[in-house]
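In our numbering, the protein residues as written are 932 to 1205. Every residue, glycine too, gets a C-beta built ideally from N, C-alpha and C. Worksheet: the structure to be examined is printed underneath.
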Amino acid sequence: MRRILERLGVDAVELYFEMDGRFPNHHPDPTVVENLADLKEAVRRHGAELGIAFDGDADRLGAIDENGEVVWGDQLMLIFAREILSRKPGAVFLGEVKCSQVMYDGIRAMGGQAIMYKTGHSLIKAKMKEVGAELAGEMSGHLFFKDRYFGYDDALYAACRLMEIVAASGKPLSAQLAGVPKTVTTPEIRVDCPDDKKFELVRVVCERFRATHEISDIDGVRVKFGQGWGLLRASNTQPVLVMRFEATSPERLEEYRATMTAALEEAKKQVGVD
932 MRRILERLGV DAVELYFEMD GRFPNHHPDP TVVENLADLK EAVRRHGAEL GIAFDGDADR
992 LGAIDENGEV VWGDQLMLIF AREILSRKPG AVFLGEVKCS QVMYDGIRAM GGQAIMYKTG
1052 HSLIKAKMKE VGAELAGEMS GHLFFKDRYF GYDDALYAAC RLMEIVAASG KPLSAQLAGV
1112 PKTVTTPEIR VDCPDDKKFE LVRVVCERFR ATHEISDIDG VRVKFGQGWG LLRASNTQPV
1172 LVMRFEATSP ERLEEYRATM TAALEEAKKQ VGVD
């Protein structure tokens, strides 16, 4: 990355560039806010235009704007989609069930086609080829560029594309999201659950809401509420359930979270999970 930045003429402040598999400074997961604390502080201290962070194998990107605020993966999708649509009107974009509704609505408002699909990079890559998506992304920071690239999740390349947009626009990273509706969201909420029960629990909750709400059951159950949505899905790799919520206000967020949590607790009794 150092050589790439030098060739691009970027004036970079390096944090923890030396390889050390023990990760003495923090775990290399850019989706955990605590892991970005040093980067946030460095951006503010040095007056940087943006900060970038990678996971351990550099296939996930984290970003910090010039004010030290996190720009999440689904927000980055909006920024990249706008630039791609300026050259390729009507382009197709692929997201996953944990992504913000603001992302899907924003892409459609710009004239793009936004498709919601299952979580998981192998699933995303296969679906991307099927629908001819120019870009796919996950809330976790996996970003798959077919536009001007090879269709896989390379965070070094994604970082270069982000710097290109900021430099070409002459506007700070925060301004790239100007006009985007503000919502309140939770991070991923992980609930321990036995592997042999998790999918049945999701099925029961799905049927509970199917009778009363608009839902998507493409990967778990994503329930549409009046001013937001809630998600419950089973992890494909761990004995956990994953929940996430988005709403227009903190009050609505807590309401939707309480509603789905109560449904999950009832399902646990029905399925026989303590």
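Asked	Found
beta-carbon G1051 near the ligand ADP non-hydrogen atom, thresh 7 Å	This structure lacks the ligand ADP, and indeed carries no ligand of any kind.
Distance between beta carbons of D1078 and E1093, contact taken as under 8 Å	One point to set straight first is that residue 1093 is Leu, not Glu, in the sequence displayed. With 8 Å as the limit, L1093 and D1078 do not qualify as a contact, their Cβ atoms being about 14 Å apart.
Contact set for H1144: own chain, Cβ-Cβ below 8 Å, skip 5 residues either direction	V1154, K1155, F1156
Segment contact flag, the segment 1049-1066 with the segment 971-979, C-beta cutoff 8 Å, min 3 pairs	no
R1134 (DSSP reduced to helix, strand or coil)	helix
Buried or exposed (CB count within 10 angstroms, at least 16 for buried), T962	buried
Bridge-paired residues (DSSP) for G982	I995
Terminal residues of the alpha helix (DSSP H) in which V1202 lies	1181-1202
Limits of the alpha helix (DSSP H) - the one that L970 falls within	968-977
DSSP three-state assignment for E1027, whether helix, strand or coil	strand
Alpha carbon of A984 to alpha carbon of E1069, nearest angstrom	16 Å
Pick from Q1169, M1047, Y1048, W1160 that is closest to A1189, judged by C-alpha positions	W1160
Residue from I1015, L1162, F1140, L946 whose Cα sits closest to the Cα of I1096	I1015
Per-residue DSSP class, three states only, for R1018	helix
Assigned exposure category for K1029 - 16 Cβ within 10 Å defines buried	buried
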